[in-house]
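In this text, residue positions in the sequence shown follow the working numbering: the first is 93, and each later residue adds one.
Ideal Cβ positions, reconstructed from N, Cα and C, are used throughout, including at glycine.
Here is the structure we will look at, set down as structure tokens.
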Amino acid sequence: MERVMGGGMLPVVLTSLGVVLLYRILVRLRKGASVQGAVVVITGASSGLGKECARVFHAAGARLVLCGRDAARLQQVVQELTASSANTQKQTHTPCTVVFDLAKTDTVERAAEEILKCYGQVDILINNAGISYRGNILETHISVQRDVMETNYFGPVALTQALLPSMVRRCSGHIVVISSVQGKIAIPYRSAYAASKHATQAYFDCLRAEIERYGIPVTVISPGYIRTNLSVNAVTGDGSKYGVLDRTTATGWDPRDVAREVLKAVRQRSKDVVLAGPLPTAAVYLRTLWPALFFKLMSSRARKEQKPKDE
Ligand SMILES: NC(=O)c1ccc[n+]([C@@H]2O[C@H](COP(=O)([O-])OP(=O)(O)OC[C@H]3O[C@@H](n4cnc5c(N)ncnc54)[C@H](OP(=O)(O)O)[C@@H]3O)[C@@H](O)[C@H]2O)c1
């Protein structure tokens with residue numbers, strides 16, 4: 093494949109990008125369904141993108157179930173949303189909260205029961221919670237690789253599988269997952285994170301095909317960098333907190349804009365959405381169309397980012 097892709101690829105790459113661009117413009121013009129009164133579950137609703145999704149779906153009249161590990165932070169979000177309702181004409185609903193740790197997958201089934209008790213059903217599940225990772229594979233303990241996988245992959249899988257039977261019974265529902273551009277391309281020193289997001293993409297692609305017959309769409313959203321605390325909360329190779337707001341994250345997309353795009357993707361029942369600038373989007377296509385060049389660029393990036401102690 094790499095040899096075949098070696099020469100005369102530019103016209104193919106440019107034509108493919110043109111077709112993709114045209115398709116995205118047409119999709120954006122499509123009108124979507126309302127979420128007024130829909131029961132929307134959002135994991136990781138205490139901060140960052142999850143909190144902004146809560147704001148956007150609340151303002152659109154959804155009945156929210158907000159999930160996270162910290163009851164006080166979730167209550168704070170509920171208070172902020174309730175206060176914001178005072179200034180709107182639209183009918184809004186006071187959100188419910190359910191506290192649980194997605195990494196403890198044996199507790200997820202009980203949490204799903206609690207979620208279902210809030211409104212008796214779930215219309216839209218937004219698997220948003222996640223944790224990032226920064227580290228060199230040579231210095232990363234296997235337990236860290238596993239922990240990131242528990243939160244980013246097994247947690248959403250367990251929650252989806254626990255809520256899915258109730259959707260299948262009603263032949264109604266919508267599963268959404270916030271993956272990442274790193275679910276489509278792997279960047280050096282992000283192994284645990286990129287692997288967990290690649291697994292996420294694969295699982296939800298399989299799920300989409302399997303449950304389409306029940307009228308339940310699956311939307312995978314892959315953002316590039318978003319201005320949140322994701323890098324601050326990231327874990328390193330020894331499991332300690334990274335604690336740094338990376339420049340790429342600090343200069344990333346406004347989470348409010350990303351949340352609005354999430355609402356749009358839900359309304360349009362989009363299947364797969366990449367929310368990133370031209371460079372990361374081009375890299376996603378390059379990985380498929382010209383892998384040899386992509387791998388070269390990643391090796392060069394890895395060399396540049398190598399820490400002095402690794403040299
Ligand atoms: N920021 C970016 O550049 C970026 C880019 C692409 C994709 N994403 C994805 O966007 C999603 C949201 O991340 P963010 O940027 O908003 O980061 P964030 O501000 O750090 O938020 C992460 C959220 O996940 C929750 N969470 C983490 N571990 C959890 C666990 N074990 N159980 C339950 N909840 C847990 C946190 O809640 P508590 O700590 O309160 O429990 C928090 O609300 C993630 O899936 C991330 O991979 C982010």
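Legend entry - Beta-carbon gap between Val260 and Tyr295 smaller than 9 Å: no
Inset, instruction - Flag this pair as yes or no: are the beta carbons of Pro347 and Leu141 separated by less than 9 Å? - result: yes
Inset, instruction - Throw me the rounded Cβ distance for the Ile223 and Asn321 pair, which I believe falls under 8 Å. - result: The pair is not a contact, with the Cβ atoms about 11 Å apart (cut-off 8 Å).
Inset, instruction - Output yes if chain B places a C-beta closer than 9 Å to the C-beta of Arg305; else output no. - result: The question asks about chain B, but that chain is absent: this structure has only one protein chain.
Legend entry - Closest residue to Thr311 among Ala357, Glu304, Ser272, Ala287 (Cα-Cα distance): Ala357
Inset, instruction - With a threshold of 16 other CB atoms inside 10 Å of the CB of Asp330, please say whether the residue is buried or exposed. - result: exposed
Inset, instruction - Report whether the distance from the Cβ of Phe192 to the nearest heavy atom of ligand 1 is below 8 Å. - result: yes
Inset, instruction - Would you decide whether Glu201 is buried or exposed? Buried here means 16 or more other CB atoms lie within 10 Å of its CB. - result: exposed
Inset, instruction - Would you mind working out which of Val131, Gly110, Gln168, Arg155 sits nearest Ser138, comparing C-alpha positions? - result: Gln168
Inset, instruction - Hey, could you find the ends of the alpha helix (DSSP H) Gly153 is sitting in? - result: From DSSP, Gly153 is part of no alpha helix (DSSP H); its letter is neither H nor E.
Inset, instruction - Assign Val111 to buried or exposed, taking buried as 16 or more other Cβ atoms, counted over all protein chains shown, within 10 Å of its Cβ. - result: exposed
Legend entry - Distance, Asp349 Cα to Met390 Cα: 29 Å
Inset, instruction - Kindly give me the distance between the Cβ atoms of Arg228 and Tyr281, rounded to whole angstroms, as I take these residues to be in contact under 8 Å. - result: The identity of residue 228 in the sequence shown is Asn, whereas the question assumes Arg. At roughly 6 Å, the Cβ-Cβ gap stays under 8 Å, so Asn228 and Tyr281 are in contact.
Legend entry - Limits of the alpha helix (DSSP H) - the one that His290 falls within: 283-303
Inset, instruction - Could you tell me how far apart the beta carbons of Thr189 and His150 are, in whole angstroms, since I believe they sit closer than 8 Å? - result: With a Cβ gap of about 13 Å, Thr189 and His150 do not count as contacting.
Legend entry - Helix, strand or coil at Val191 [DSSP, three-state]: strand
Legend entry - Asp211 beta carbon near ligand 1 (any heavy atom closer than 8 Å): The identity of residue 211 in the sequence shown is Tyr, whereas the question assumes Asp. No; taking the cut-off as 8 Å, the Cβ of Tyr211 has no heavy atom of ligand 1 nearer than that.
Inset, instruction - Consult DSSP for Asn186 and reduce its assignment to one of helix, strand or coil. - result: Correcting the residue identity first, residue 186 is Thr in this sequence and not Asn. The answer is coil: DSSP assigns Thr186 none of H, G, I, E or B.
Inset, instruction - With Pro315 as the anchor, note down where its beta strand (DSSP E) starts and where it stops. - result: 310-315
Inset, instruction - Using 10 angstroms around the beta-carbon of Lys276, count the other beta-carbons present and answer buried if the total reaches 16, otherwise exposed. - result: buried
Inset, instruction - Over the uninterrupted beta strand (DSSP E) stretch that includes Ile216, give me the two end residues. - result: 216-219
Legend entry - Residue closest to Leu251, alpha-carbon to alpha-carbon, out of Val273, Met241, Leu217: Leu217
Legend entry - Proximity below 9 Å, CB of Leu208 to CB of Pro187: no
Inset, instruction - For Leu367, count neighbouring Cβ atoms within 10 angstroms of its own Cβ and tell me buried if that reaches 16, exposed if not. - result: buried
Inset, instruction - Note down the Cα distance separating Gly247 from Glu205, rounded to an integer number of angstroms. - result: 15 Å
Legend entry - Pair within 9 Å by beta-carbon distance, His266 and Pro315: no
Inset, instruction - Return yes when at least one heavy atom of ligand 1 lies under 8 Å from the C-beta of Ile229, else no. - result: no
Legend entry - Contact set for Ala374: own chain, Cβ-Cβ below 8 Å, skip 5 residues either direction: Leu109
Legend entry - Continuous alpha helix (DSSP H) assignments of at least 4 residues falling wholly in the stretch 122-178: 140-151, 163-177
Inset, instruction - Examine ligand 1 and report whether any of its heavy atoms sits within less than 8 Å of the Cβ of Tyr334. - result: no
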